[in-house]
Amino acid sequence: MYERGVEVLAGVPAGPELAAALAHVDRPALNGFELVEVAKAVCRQVAHYQAELLATVAEVAYCPPGDETSPAERSEYPAEYAADEVRLALTLTRRAADTLVGDAYTLVERLPAVYEVLRSGRVDLARARVLDQETAVLPESVAREMVDLILPVAGGLTTGQLRVRLRRLVIEADPSAAAVRGWCGPGTGPAGHPGCRTPAHRADLDHTIAWQDGGPTTAANLGVLCRHCHGYKHSAGVTLTQPTPGTFTWTTRLGHTYTTRAEPP
Numbered sequence: 036m037y038e039r040g041v042e043v044l045a046g047v048p049a050g051p052e053l054a055a056a057l058a059h060v061d062r063p064a065l066n067g068f069e070l071v072e073v074a075k076a077v078c079r080q081v082a083h084y085q086a087e088l089l090a091t092v093a094e095v096a097y098c099p100p101g102d103e104t105s106p107a108e109r110s111e112y113p114a115e116y117a118a119d120e121v122r123l124a125l126t127l128t129r130r131a132a133d134t135l136v137g138d139a140y141t142l143v144e145r146l147p148a149v150y151e152v153l154r155s156g157r158v159d160l161a162r163a164r165v166l167d168q169e170t171a172v173l174p175e176s177v178a179r180e181m182v183d184l185i186l187p188v189a190g191g192l193t194t195g196q197l198r199v200r201l202r203r204l205v206i207e208a209d210p211s212a213a214a215v216r217g218w219c220g221p222g223t224g225p226a227g228h229p230g231c232r233t234p235a236h237r238a239d240l241d242h243t244i245a246w247q248d249g250g251p252t253t254a255a256n257l258g259v260l261c262r263h264c265h266g267y268k269h270s271a272g273v274t275l276t277q278p279t280p281g282t283f284t285w286t287t288r289l290g291h292t293y294t295t296r297a298e299p300p
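Residue numbers are given in my numbering: position 71 of the sequence shown equals residue 106, and the series is strictly consecutive.
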């Protein structure tokens, strides 16, 4: 049994100290109340390790080609096929690797405050993903403001409660977000590429005309693409247009055109 008593685990910060404390817990010697305290501490430690994994994957994405003798260098931009490096090393499906790398980017770089509370164990990865998904329609600076407003209470909300609170905040900050969700919300059908069956809630929000190129964050310029199709859109010779909201026309590198329409919720 943990010699200081499991009731003190709540005050031990997630990380090496909590890991050491949990290693000495004798579960058969604990009553039900004490086991619940241990379960809560384990969840905080798991969240800490999830954050550490995301931070590591984020670093992997910026590593240039090399081997075990290479210096610890970083590239200016993430590698295009970083997810494949992760997929092979961790024996993941392509989708799982893409999701992991996507989480690493959004939580470590786009929403660093969420990464920090994940690392501290105050929210778990499921809640962190809700914070990302529900602010994805907003410019980065506004998304961070919304996150700062909700983080103090996020750990005490279920993912469903958190999603509802965030949607209210997002709509107050950007009323057009409500219209955007009409096409791009978590309840919509497959992403906007012919033949792609990836559900919208597993895909990325995409500006048809890139935001940095002046593309607005409105229903007429947003869609959902899986990670593979998102990469295909940016490959040489491929173009994507949205003639009307929810209608997507792809032109391949060999000049063929294909049109698909997003499925509303």
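No residue lacks a Cβ here, since even glycine has one placed at the ideal position from N, Cα and C. Since the model is a prediction, treat every value here as computed from it, not as a measurement.
Query, Result
"Compute the minimum distance between the beta carbon of P174 and the heavy atoms of the ligand SAH, and state whether it is under 7 Å.", "Absence of the ligand SAH is noted for the structure shown, with no ligands found whatsoever."
"Checking the sheet assignment: what are the DSSP bridge partners for V259?", "L240"
"Who does F283 pair with in a DSSP beta bridge?", "T295"
"DSSP state of P51, grouped into three classes?", "helix"
"CA-CA distance, T282 and G249?", "20 Å"
"Taking just the CA atoms, how far does Y140 sit from A64?", "42 Å"
"Going by other Cβ atoms of all chains shown within 10 Å of its Cβ, with 16 needed for buried, is I169 buried or exposed?", "Checking the sequence, you will find Glu at residue 169 rather than Ile. Buried, by the Cβ-count rule."
"Hey, out of A56, D241 and L275, whose CA is closest to T295's CA?", "L275"
"Check for me: the alpha helix (DSSP H) holding L70 runs from which residue to which?", "G67 to V95"
"Which same chain residues, not among the five before or five after A189, have their C-beta less than 8 Å away from its C-beta?", "V152, R157, V158, R162, L166 and L197"
"For L142, which beta-bridge partners are listed by DSSP?", "Answer is none; L142 lacks a bridge partner."
"DSSP three-state call for L153: helix, strand or coil?", "helix"
"Checking 8 Å against the spacing of the C-beta atoms, do M181 and L160 come in under that value?", "no"
"What residue from V136, F68, A255 and L192 has the CA that sits closest to V92's CA?", "V136"
"Nearest CA to the CA of L53: which residue from Y84, G67, N66 and R62?", "Y84"
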